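K.L.:
My questions all concern the structure below.
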Amino acid sequence: MPSLFASYLRVYEPLAAFDRDRQAYWRRYVEQGRAVAPVEGPGRQRTSVIEALGAGWTRLPDLPEEAYVLEADETLLVCPWNLRIRVAEAALSARDGVPPVLADAFVPPVLAGQAKAVVEDWRSGARVLERGVPRVHEQIATWGVPLRWFVLFDAEERHHVTAPGRRALRFRTDISKARRRSSRALSVLRKSVGDAPITEAVEEAARWLEEFHPRSVVELDYGGLVELLSDETLAADDSPELVAAGLAGLSRGEAEEASTAYDKLVARWRAVQLLERCN
Numbered sequence: 163m164p165s166l167f168a169s170y171l172r173v174y175e176p177l178a179a180f181d182r183d184r185q186a187y188w189r190r191y192v193e194q195g196r197a198v199a200p201v202e203g204p205g206r207q208r209t210s211v212i213e214a215l216g217a218g219w220t221r222l223p224d225l226p227e228e229a230y231v232l233e234a235d236e237t238l239l240v241c242p243w244n245l246r247i248r249v250a251e252a253a254l255s256a257r258d259g260v261p262p263v264l265a266d267a268f269v270p271p272v273l274a275g276q277a278k279a280v281v282e283d284w285r286s287g288a289r290v291l292e293r294g295v296p297r298v299h300e301q302i303a304t305w306g307v308p309l310r311w312f313v314l315f316d317a318e319e320r321h322h323v324t325a326p327g328r329r330a331l332r333f334r335t336d337i338s339k340a341r342r343r344s345s346r347a348l349s350v351l352r353k354s355v356g357d358a359p360i361t362e363a364v365e366e367a368a369r370w371l372e373e374f375h376p377r378s379v380v381e382l383d384y385g386g387l388v389e390l391l392s393d394e395t396l397a398a399d400d401s402p403e404l405v406a407a408g409l410a411g412l413s414r415g416e417a418e419e420a421s422t423a424y425d426k427l428v429a430r431w432r433a434v435q436l437l438e439r440c441n
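Right, here's the structure in full:
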């Protein structure tokens with residue numbers, strides 16, 4: 163189960179990315195005022211998954227389709243939650259690393275079998291041929307922000323709010339810009355460090371972006387992490403700039419400059435990750 167102290171990487175797609183039935187569904191969804199704000203969504207998702215798995219632990223329920231909604235340039239974009247997939251993945255992950263007796267007590271084999279079938283169907287070739295590429299529109303990272311996510315954004319795309327009762331930090335950009343940035347970063351990393359873990363991570367992010375409509379919007383939301391950081395820390399956060407500086411140093415062959423930026427970035431987010439042990 164994801165912690166509420168988490169960050170989120172989301173892709174909002176235009177209605178044109180969906181089939182006719184889904185387009186009609188999402189239009190009704192918005193007209194009925196059912197869209198959930200990102201500040202409320204993580205809690206709602208967590209509750210839905212817990213309730214689904216707690217209902218006798220014998221079946222995977224058909225959950226309602228929910229989404230975050232964004233309007234940009236008079237275009238409606240949606241970021242579906244894919245709750246049924248999240249429930250199935252949560253059921254399988256609950257069994258990981260647990261002795262069989264305990265695993266069967268928490269997630270009975272019949273439920274695990276259903277969950278595995280749902281996940282495999284979601285990713286199967288038959289589904290791809292029938293409905294297009296299976297897209298998971300939201301990635302979640304607990305107790306930090308993966309460094310590869312910062313590659314996709316520029317400092318000018320930052321939106322920072324510290325109003326009473328409403329603190330937030332997010333970056334939002336067109337997917338075409340995010341793709342170009344990931345492509346440039348991947349080229350630099352391949353030439354400078356080769357097949358290192360960071361190269362593989364950026365490559366994975368680049369592949370994920372290719373699954374979506376070319377008029378989509380990509381968003382990095384610090385989510386619940388803002389509750390762990392002071393207003394001063396949020397205002398001073400320059401993580402995308404540090405990533406850009408590190409990549410620029412690598413491209414010029416200035417390893418020391420790149421290392422300085424990387425070390426500063428890692429130290430900043432390690433401090434946040436260590437808070438998990440104090441929780």
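The opening residue of the sequence shown carries number 163 in our numbering; numbering runs sequentially from there.
Heads up, the beta-carbon is just placed ideally off N, CA and C, and yes, glycines get one too.
Given the structure is predicted, the values throughout are model-derived calculations rather than measurements.
Can the beta-carbon of residue 334 be found closer than 7 Å to that of residue 381?
P.N.:
yes
K.L.:
Which residues does DSSP list as the beta-bridge partners of residue 271?
P.N.:
In the DSSP output, where bridge partners are listed per residue, residue 271 has none listed.
K.L.:
Can we say the region 198–208 touches the region 224–238, given the rule of at least three CB pairs closer than 8 Å?
P.N.:
Between the region 198–208 and the region 224–238, the count of C-beta pairs closer than 8 Å reaches three or more; the two stretches touch.
K.L.:
In the DSSP assignment, what residue or residues form a beta bridge with residue 176?
P.N.:
The bridge partners DSSP lists for residue 176 are 239.
K.L.:
Whole angstroms are fine: how far does the CA of residue 407 sit from the CA of residue 432?
P.N.:
Going from the Cα of residue 432 to the Cα of residue 407 covers about 19 Å.
K.L.:
Hey, quick one: how far does the alpha helix (DSSP H) through residue 185 stretch, first residue to last?
P.N.:
That run of the alpha helix (DSSP H) goes 182–193.
K.L.:
Could you check where the alpha helix (DSSP H) with residue 111 kicks off and where it finishes?
P.N.:
This structure gives no information on residue 111, because the portion of the chain shown stretches from 163 to 441.
K.L.:
Quick one: Cα of residue 233 to Cα of residue 410, how far?
P.N.:
34 Å
K.L.:
Kindly indicate which three-state DSSP category residue 249 falls into: helix, strand or coil?
P.N.:
helix
K.L.:
Assign residue 344 to one of two classes, buried (16 or more other C-beta atoms within 10 Å of its C-beta) or exposed (fewer than that).
P.N.:
Within 10 angstroms of the beta-carbon of residue 344 lie 16 or more other beta-carbons, which makes it buried.
K.L.:
In angstroms, rounded to a whole number, what distance separates the CA positions of residue 245 and residue 349?
P.N.:
35 Å
K.L.:
Any contact of the region 381–395 with the region 166–174, i.e. 3+ C-beta pairs under 8 Å?
P.N.:
As far as the Cβ criterion goes, the region 381–395 touches the region 166–174, which means the pair count is three or higher.
K.L.:
Would you tell me roughly how many angstroms separate the C-alpha atoms of residue 487 and residue 315, rounded to the nearest one?
P.N.:
Missing from the structure shown is residue 487; the chain here goes from 163 to 441 and no further.
K.L.:
Between 247, 300 and 298, which lies nearest to residue 274 when the distance is taken from Cα to Cα?
P.N.:
With distances taken between CA atoms, residue 274 lies nearest to 247 out of 247, 300 and 298.
K.L.:
For residue 403, which option in 390, 309 and 354 has the closest C-alpha, if you only look at C-alpha atoms?
P.N.:
309
K.L.:
What are the boundary residues of the beta strand (DSSP E) that residue 405 is part of?
P.N.:
Residue 405 -> not in any beta strand (DSSP E); alpha helix (DSSP H) instead, spanning 401–413.
K.L.:
For residue 307, which three-state DSSP category applies?
P.N.:
coil
K.L.:
Check residue 377 in the structure and name its three-state DSSP category.
P.N.:
coil
K.L.:
Which of the three DSSP states, helix, strand or coil, is assigned to residue 196?
P.N.:
Reduced to three states, the DSSP call for residue 196 is coil.
K.L.:
Let's test the definition: count the other Cβ atoms within 10 Å of the Cβ of residue 327 and tell me whether it reaches 16, buried, or not, exposed.
P.N.:
Classification of residue 327: exposed, given that the 10 Å Cβ count is below 16.
K.L.:
Rounded to whole angstroms, what's the CA-CA distance from residue 290 to residue 202? Just pull it up for me.
P.N.:
The predicted model places residue 290 with a pLDDT of 48, which falls under 50 and marks its position as unreliable; any figure quoted below should be read in that light. Their backbone Cα atoms lie some 31 Å apart in a straight line.
K.L.:
Taking 7 Å as the threshold (C-beta atoms), are residue 393 and residue 324 in contact?
P.N.:
yes
K.L.:
From the DSSP output, in three-state form, read off residue 294 for me.
P.N.:
Annotation note: pLDDT 49 at residue 294 (below 50); position unreliable, no value reported.
K.L.:
Once the 5 residues before and after residue 237 are set aside, which same chain residues still bring their CB inside 8 Å of it?
P.N.:
The beta carbon of residue 237 lies closer than 8 Å to those of 176 and 377 in the same chain, with the five residues before and after it left out.
K.L.:
What residue range does the alpha helix (DSSP H) around residue 393 cover?
P.N.:
393–398
K.L.:
For the alpha helix (DSSP H) holding residue 364, just list the boundary residues, first then last.
P.N.:
359–371
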